[in-house]
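Colleague:
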Amino acid sequence: MSNRVPISIQSVESILEENDVKIREIKASVDQYFEETGYRKRACIKTYGCQMNEHDSEKLDAMLMDMGYVMTEKMEDADLIVFNTCCVRENAELKVYGNLGRVKNLKKKNPNLILAVCGCMMQQPHVVEAIKHKYAYVDLVFGTHNLHHFPGLLSEAMHADKTVIEVWDTEGQVIEGLQVNRKKSLKGFVNIMYGCNNFCAYCIVPYTRGRERSRRPEDILEEVATMAAEGTKEIMLLGQNVNSYGKTLKPVIDFADLLERVSEVEGIERIRFMTSHPKDISQKLLELMASNDKICKSLHLPIQAGSNRILKNMNRHYTREQYLDIVDRARALMPDVGISTDIIVGFPGETEADFEETLDIIRRVNYDSAFTYLYSRRTGTPAATLPDQVPEAEKHARIDRLLKVLNPMINARMKSYKDTVFEVLVEGPSKNNPAILMGRTSQSHTVNFPGEASWIGETIQVKITRPKLFSLYGERI
Ligand code: SF4
0 MSNRVPISIQ SVESILEEND VKIREIKASV DQYFEETGYR KRACIKTYGC
50 QMNEHDSEKL DAMLMDMGYV MTEKMEDADL IVFNTCCVRE NAELKVYGNL
100 GRVKNLKKKN PNLILAVCGC MMQQPHVVEA IKHKYAYVDL VFGTHNLHHF
150 PGLLSEAMHA DKTVIEVWDT EGQVIEGLQV NRKKSLKGFV NIMYGCNNFC
200 AYCIVPYTRG RERSRRPEDI LEEVATMAAE GTKEIMLLGQ NVNSYGKTLK
250 PVIDFADLLE RVSEVEGIER IRFMTSHPKD ISQKLLELMA SNDKICKSLH
300 LPIQAGSNRI LKNMNRHYTR EQYLDIVDRA RALMPDVGIS TDIIVGFPGE
350 TEADFEETLD IIRRVNYDSA FTYLYSRRTG TPAATLPDQV PEAEKHARID
400 RLLKVLNPMI NARMKSYKDT VFEVLVEGPS KNNPAILMGR TSQSHTVNFP
450 GEASWIGETI QVKITRPKLF SLYGERI
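Every letter in the sequence shown is one number past the one before it in numbering that gives the first Met the number 0, and letter 164, counting from 1, is 163.
This is the structure we're talking about:
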């Protein structure tokens, strides 16, 4: 592994200066190539997993564009490919390994193609070992705590004859000042914290993203103000557990205080946040959501399982009763709040009776939407070694049953929105039908409607005419 100076004794200024030098060096060579050949080199980033990763990719994207690369979606057209990986579920890992195999063929056609792999998967020593031995044609491997070193590492990899690897086990200080190339300028992600302290028994994130560190409110507000000045209207504040924001800061500040300060930034019209851990959500936050028009009436509140026994084994630190109480209090304050959740089916030891309790929670809460997952055994987490792993066939059978309860309820809820008028921020053409526009309600429902490009960026009133299972169709009024 590369032996760089640990971040704790390297100043942020010197990191940014070092980056500038390396970015300029790479840009000079990319520009020279363009002058000699008339061809501008292309870079492609493939992002797996959560919004944290998407946001990290926006930072990599900005660095690559500063280096003179043109971005492309197609790996086949690229001179440099970055896989920003996720290891929360086995499926995401398998996709990365599959794509690494595809790039081997591309490298045969273009031996100058550079391949970099980063993100959560790289924080696992067995993955780095696999890359060293089975995928030795990878040029660069770096971890989640090493993103800010990308220009220097890339420069090293461009001149090395073997894989350059830099993966720190532990997080350093929060690095401010990295540029971000935001994919959606109307809407933008803002990290408010990194890492997680919760150690849910099934989750690999605390091992790959490190302990919880909050960004200083001044830095967050400055970033939001800059984005607003550039035309961003909707902000998504990101953290693994936003409700514990600020606990590591001095003076201590809580998430509701931060949210209120973000809402005071001129030009910002809507604020969303995720993820809210039920154990840390405060009444103060719910009251602020209810009283502040800029904060969207949308609450993503992962339940994960409906049985207290399983919640305890998951190390979630709340009971089903406490969860239902939060839902009741949120709805009492905001009758129109949209509530979504995450559910894991087949956690080790989950019995038929436990699973029935998950179905019961679904019936009681009546969610607006839910992300449902089969439990995926992750090496290194406590749950991976628990006895009574649920057989795959049983997990599949349970999730099918769960969807038979969940989907009709979501469908009925969506149908109840017929003739309702929602305030919608117009985001742009619909993904599935570019001839119509799409936007989102405060509650996070996608709405499609006919309209003109000049409406993009406006907040308009839309009456729902045709509700569907996952989206709503309507007309501007
Ligand atoms: S709160 Fe739990 S599930 Fe969420 S990132 Fe932290 S450990 Fe993982």
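Even for Gly, the Cβ is constructed at its ideal location relative to N, Cα and C. All figures in this text were calculated on a predicted structure; none of them were measured in a lab.
(1) Which residues in the same chain have their Cβ closer than 8 angstroms to the Cβ of Y483, if we skip the five residues on either side of it in sequence?
(2) Please report the straight-line C-alpha distance between L257 and L332, rounded to a whole angstrom.
(3) Taking just the CA atoms, how far does G209 sit from E349?
(4) Just to confirm the assignment: which complete beta strand (DSSP E) runs, minimum length 3, are found wholly within the stretch 65-133?
(5) Could you please give the first and the last residue of the uninterrupted beta strand (DSSP E) stretch that includes G473?
(6) Could you tell me which whole alpha helix (DSSP H) segments of length 4 or greater appear in the stretch 157-235?
(7) Any chance the CB of T18 is under 7 angstroms from a heavy atom of the ligand SF4?
(8) Could you check how far apart the C-beta atoms of R319 and G305 are, in whole angstroms? I think they sit under 8 angstroms.
(9) According to the neighbour-count rule (16 or more other Cβ atoms, all chains shown, within 10 Å of its Cβ), is A411 buried or exposed?
(10) Could you pull the DSSP bridge partners for C43 from this structure?
(11) Would you tell me roughly how many angstroms separate the C-alpha atoms of R260 and P301, rounded to the nearest one?
(12) Does the Cβ-Cβ distance between K296 and R269 come in under 8 angstroms?
(13) Of the residues R376, A228, E391, which one's Cα is nearest the Cα of L385?
(14) Among the residues of its own chain, which have a CB less than 7 angstroms from the CB of M121, if the five just before and after it don't count?
(15) Taking C-beta to C-beta, are V344 and K394 nearer than 8 angstroms?
(16) Decide if P5 is buried, meaning its Cβ has at least 16 other Cβ atoms within 10 Å, or exposed.
(17) The beta strand (DSSP E) that contains T357, what's its start and end?
(18) Is I409 helix, strand or coil by DSSP?
(19) Below 8 angstroms, can you find three or more Cβ-Cβ pairs linking the stretch 59-77 to the stretch 217-235?
(20) Residues in its own chain within less than 6 angstroms of V461 by CB, not counting five upstream and five downstream?
(21) State the Cα-Cα distance for the pair V189 and A129, rounded to the nearest angstrom.
(22) Keeping to the same chain, check which residues put their C-beta closer than 8 angstroms to that of M0; ignore five residues upstream and five downstream.
(23) According to DSSP, is I6 helix, strand or coil?
(24) Provide the residue(s) that pair with Y136 in DSSP beta bridges, ordered along the chain.
(25) Since F448 sits in a beta bridge, which residues does DSSP pair it with?
(26) Can you find the residues in the same chain that come closer than 6 angstroms, C-beta to C-beta, to L236, ignoring five residues on each side of it along the sequence?
(27) So what's L300 in DSSP terms, helix, strand or just coil?
(28) If you measure between the beta carbons of I483 and V326, is that distance less than 8 angstroms?
(29) Between A547 and A200, how many whole angstroms is the CB-CB distance? I'm expecting something under 8 angstroms.
(30) Which value, in whole angstroms, describes the spacing of the CA atoms of E355 and D292?
(31) Among S243, P347, I234, G230, which has the Cα closest to the Cα of S213?
(32) Mind listing which residues have their beta carbon within less than 6 angstroms of any non-hydrogen atom of the ligand SF4? Chain order is fine.
(33) Kindly list the residues whose CB is nearer than 7 angstroms to the CB of R3, restricted to its own chain and excluding five residues on each side of it in sequence; keep chain order.
(34) Just reading off the alpha helix (DSSP H) that F254 is part of, what are its end residues?
(35) State the start and end residues of the unbroken alpha helix (DSSP H) segment that holds S290.
(36) Can you give the Cα-Cα distance for H132 and L112, rounded to whole angstroms?
Modeller: Taking the geometry as given:
(1) One cannot answer for residue 483 here, as it falls past the ends of the chain, which runs 0 to 476.
(2) 20 angstroms
(3) CA-CA distance, E349 to G209, rounds to 28 angstroms.
(4) Runs of the beta strand (DSSP E) inside the stretch 65-133: 79-84, 113-118.
(5) 471-475
(6) Listed in chain order, the complete alpha helix (DSSP H) runs (minimum 4 residues) inside the stretch 157-235 are 204-208, 216-228.
(7) One detail in the question is off: residue 18 reads as Asn in this sequence, not Thr. Every heavy atom of the ligand SF4 is 7 angstroms or more from the Cβ of N18, so no.
(8) 6 angstroms
(9) exposed
(10) I80
(11) 25 angstroms
(12) no
(13) The residue with the shortest Cα to Cα distance from L385 is R376.
(14) Excluding positions up to five away in sequence, the list reads T84, V127, V140, F141, G142, V166.
(15) yes
(16) With a pLDDT of 42 at P5, under the threshold of 50, the modelled position of this residue cannot be trusted; read the value that follows with caution. P5 comes out exposed.
(17) Careful: T357 lies outside any beta strand (DSSP E), inside the alpha helix (DSSP H) at 351-364.
(18) DSSP places I409 within a helical segment (H, G or I) once states are collapsed to three.
(19) The stretch 59-77 vs the stretch 217-235: no contact.
(20) F421, V423, V446, F448, G473, R475
(21) 33 angstroms
(22) Note on M0: pLDDT 39, under 50, position unreliable in the model; the coordinate value appears next. So the qualifying residues of the chain are I164, E165, V166.
(23) Because I6 sits at a pLDDT of 44, beneath the cut-off of 50, its placement in the model cannot be relied upon, and the following sentence gives the value as read from the coordinates. I6 falls in the helix class under three-state DSSP.
(24) Bridge partners of Y136: none, in fact.
(25) L436
(26) V189, I191, F272
(27) coil
(28) Here the chain has residues from 0 to 476 only, and residue 483 is not among them.
(29) The structure shown has nothing for residue 547, since the chain only spans 0 to 476.
(30) Cα to Cα, E355 sits roughly 38 angstroms from D292.
(31) For the set S243, P347, I234, G230, the Cα lying nearest the Cα of S213 is the one of S243.
(32) C195, N197, F198, C199, C202, V204, P205, Q239, N240, H276
(33) For R3, the predicted structure reports a pLDDT of 40, less than 50, and the residue's modelled location is therefore unreliable. The matter cannot be settled from this model.
(34) 254-262
(35) Here the alpha helix (DSSP H) through S290 covers 282-290.
(36) 19 angstroms
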